[in-house]
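From first to last, the protein sequence lines stand for chains A and B. Counted from 1, the first sequence has number 1303 at position 87 by the numbering used here; the numbering is strictly sequential. Counted from 1, the second sequence has number 433 at position 198 by the numbering used here; the numbering is strictly sequential.
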Amino acid sequence: MEIFQRSYAGTLESSDLLVEVAPAYESSIEVEISSSVEKQFEHAIRRVVMTTLDELGVKSARISINDKGALDCVIRARVQAAVLRAAQGEECHQLVWGAI
Amino acid sequence: MSQKLRRSMLFVPGSNAAMLSSSFIYDADAIMFDLEDSVSIREKDTARLLVYNALQHPLYDDIETVVRVNSLDTQFGKADVLAMVKAGVDVIRLAKTDTLQDVLEMEMMIEQAEMEFGRELGSTKMLAAIESAMGINNAVAIANGSKRLIGIALGAEDYVRDLRTQRSAEGIELLFARCSILQAARAAGIMAFDTVYSDSANEEGFLQEASLIHGLGFDGKSLINPRQIELLHHVFAPSQADVDHAIAVIEAAEEGERQGTGVVSLNGKMVDGPIIERARWTLERAKSGIKR
């Protein structure tokens, strides 16, 4: 899935996170994480983000995560939503559900 | 009669990550994630993904999950159904069910999704909410519309708007709709669910409404605040006298069976099939508490 535009998903409320996805300058994935539970969970958050990007077939993107203690399932959902918005814009409801 | 308890169905807005992450801690009989009216248009995609991922989390393994999806005639409805069936939701709630056709179209969509994602055919159940005068007129056809239906429910806010009135403390304006839904559900052999009580700060008003719908014969009610769960369960709980009587009925029936007599009597009253079934149902409800 190709990232065409800068997009966001999520909030800065407790138990949620704000995900920003933007096109990368080079063909690589850069993930920046800030979290209220960063010291303990940065590694786990990064793993969930990378797995989710891999499942969506994202090869190139800049991702910024501002986490407020979200569960794994919320992190996955927000990353998926931000990527779909960045890749498909108005067509983000036309996801092929078999793909995720 | 289905034996599953569905007294309390707690609405949780699908776009609220914090509520989605914690609603399993409440003791509701079912959690009802909402993708429809409580979610703004620009959050429809992310709410769908939040609920899709939450449904697959082990946190929700042991609780019945219902999702209220957007209507199939919106741009969101089809994607909602595909995602929820893929995620393994127990029940899809149709909002604003006006006709039998609405039920049939949703059933076809669910069946298509079950085939696409390799889920057992018929494993996704349906719950049809009736929210208009036309829907009440068609309640019998709707209630008989699909084998997937676990029940039909009243959605009162839209219904009273359609009637050109408003909700009162006594609920007289909803009496016809409630009785129509109950009658149609019972004749079809499915459950009947009452609408939400929106003033979550008014405990007395909630209890009055809960007692009314319990007395009418409803199986349960949609809730908007976790505080209402225990209050509602208490209204639905049998008394100690009910439980003692139910135990005596079961014992008398078992004794009759041992002696090979079809019908037995207890304190001079006949104990037969319907009485025994009601006694079993009372004991089932007593498992989650007896009225103090």
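Cβ atoms here follow ideal geometry from the backbone N, Cα and C, with glycine treated the same way.
Tell me the rounded alpha-carbon separation between residue i and residue j.
{"i": "B/T430", "j": "A/V1237", "result": "41 Å"}
{"i": "B/K522", "j": "A/S1280", "result": "49 Å"}
{"i": "B/S237", "j": "A/S1230", "result": "The predicted model places B/S237 with a pLDDT of 44, which falls under 50 and marks its position as unreliable; any figure quoted below should be read in that light. Roughly 40 Å between the two C-alpha positions."}
{"i": "B/I425", "j": "B/L518", "result": "20 Å"}
{"i": "B/A483", "j": "B/T496", "result": "17 Å"}
{"i": "B/I407", "j": "B/L447", "result": "11 Å"}
{"i": "B/D280", "j": "B/E465", "result": "33 Å"}
{"i": "A/A1225", "j": "A/V1235", "result": "5 Å"}
{"i": "B/I377", "j": "B/M341", "result": "12 Å"}
{"i": "A/D1288", "j": "A/I1261", "result": "8 Å"}
{"i": "B/A282", "j": "B/S474", "result": "41 Å"}
{"i": "A/L1233", "j": "A/F1220", "result": "22 Å"}
{"i": "A/Q1304", "j": "B/I266", "result": "31 Å"}
{"i": "B/V301", "j": "B/R328", "result": "7 Å"}
{"i": "B/L451", "j": "A/I1249", "result": "55 Å"}
{"i": "B/S258", "j": "B/V499", "result": "46 Å"}
{"i": "A/A1297", "j": "B/L284", "result": "7 Å"}
{"i": "B/A514", "j": "B/G491", "result": "15 Å"}
{"i": "A/E1242", "j": "A/V1264", "result": "22 Å"}
{"i": "B/E512", "j": "B/M350", "result": "37 Å"}
{"i": "B/I459", "j": "B/F246", "result": "5 Å"}
{"i": "B/S435", "j": "B/Q443", "result": "13 Å"}
{"i": "B/A314", "j": "B/S250", "result": "16 Å"}
{"i": "A/Q1293", "j": "B/A481", "result": "Reading the sequence as shown, one finds Ala at residue 1293 of chain A and not Gln. C-alpha separation (whole angstroms): 48 Å."}
{"i": "B/W516", "j": "B/L240", "result": "10 Å"}
Measuring alpha carbon to alpha carbon, tell me which residue in the options is nearest residue i.
{"i": "B/I345", "options": "B/S358, B/L466, B/R402 and B/P509", "result": "B/S358"}
{"i": "B/I298", "options": "B/V324, B/L466 and B/I276", "result": "B/V324"}
{"i": "A/V1247", "options": "A/E1271, A/M1266 and A/V1253", "result": "A/M1266"}
{"i": "B/M335", "options": "B/R242, B/R283 and B/N379", "result": "Here the sequence assigns Leu to residue 335 of chain B, which means Met is not the residue at that position. The candidate whose alpha carbon is nearest that of B/L335 is B/N379."}
{"i": "A/E1254", "options": "A/Q1304, A/I1219, A/D1283 and A/R1278", "result": "A/D1283"}
{"i": "B/F471", "options": "B/I525, B/L284, B/F268 and B/R399", "result": "B/I525"}
{"i": "B/L356", "options": "B/K382, B/M369, B/A374 and B/D333", "result": "B/K382"}
{"i": "A/V1274", "options": "A/S1244, A/L1228, A/S1223 and A/V1290", "result": "A/S1244"}
{"i": "B/Y432", "options": "B/Q418, B/P293 and B/G455", "result": "B/G455"}
{"i": "B/M369", "options": "B/R421, B/L398 and B/A445", "result": "B/L398"}
{"i": "B/R421", "options": "B/G386, B/H469, B/G440 and B/E405", "result": "B/G386"}
{"i": "B/T332", "options": "B/L409, B/D308, B/K321 and B/G353", "result": "B/D308"}
{"i": "B/D477", "options": "B/A488, B/R520 and B/N437", "result": "B/R520"}
With a threshold of 8 Å between beta-carbons, can residue i be considered close to chain A, or not?
{"i": "B/Y287", "result": "yes"}
{"i": "B/L356", "result": "no"}
{"i": "B/H469", "result": "no"}
{"i": "B/L362", "result": "no"}
{"i": "B/I511", "result": "no"}
For a contact meaning CB atoms closer than 7 Å, what does residue i contact in chain A?
{"i": "B/L235", "result": "Past the boundaries of the shown model lies residue 235 of chain B; chain B is included only from 236 to 527, so the question cannot be answered."}
{"i": "B/L284", "result": "A1293, Q1296 and A1297"}
Does any CB atom of chain B fall closer than 8 Å to the CB of residue i?
{"i": "A/A1225", "result": "yes"}
{"i": "A/A1277", "result": "no"}
{"i": "A/A1221", "result": "Rather than Ala, the amino acid found at residue 1221 of chain A in this sequence is Gln. Answer no: the Cβ-Cβ gap between A/Q1221 and chain B never drops below 8 Å."}
{"i": "A/L1287", "result": "yes"}
{"i": "A/L1269", "result": "no"}
{"i": "A/A1303", "result": "no"}
Could you list which residues in chain A have their beta carbon closer than 9 Å to that of residue i, in chain order?
{"i": "B/D269", "result": "Within chain A, no residue comes near B/D269; the closest Cβ sits about 15 Å away, beyond 9 Å."}
{"i": "B/T359", "result": "Within 9 Å Cβ-Cβ: nothing; B/T359 doesn't reach chain A, min ~14 Å."}
{"i": "B/H292", "result": "L1287, D1288 and C1289"}
By the criterion of Cβ-Cβ separation under 8 Å, what are the contact partners of residue i in chain E?
{"i": "B/D296", "result": "Judged by its chain identifiers, the structure shown contains no chain E, and its protein chains are A and B."}
Please list, in chain order, the chain B residues whose beta carbon lies closer than 7 Å to that of residue i.
{"i": "A/L1300", "result": "D280"}
Taking 7 Å as the cut-off, is the C-beta of residue i nearer than that to any heavy atom in the ligand MG?
{"i": "B/D479", "result": "This structure does not include the ligand MG; it has no bound ligands of any sort."}
- Message: Closer than 9 Å between beta carbons: that is the criterion. Which residues of the region 1226-1254 of chain A meet it against chain B?
- Response: G1226, T1227, E1229, S1230, S1231, D1232 and L1233
- What residues in the region 253-266 of chain B have a beta carbon less than 8 Å from any beta carbon of chain A? A253, L255, S256 and S257
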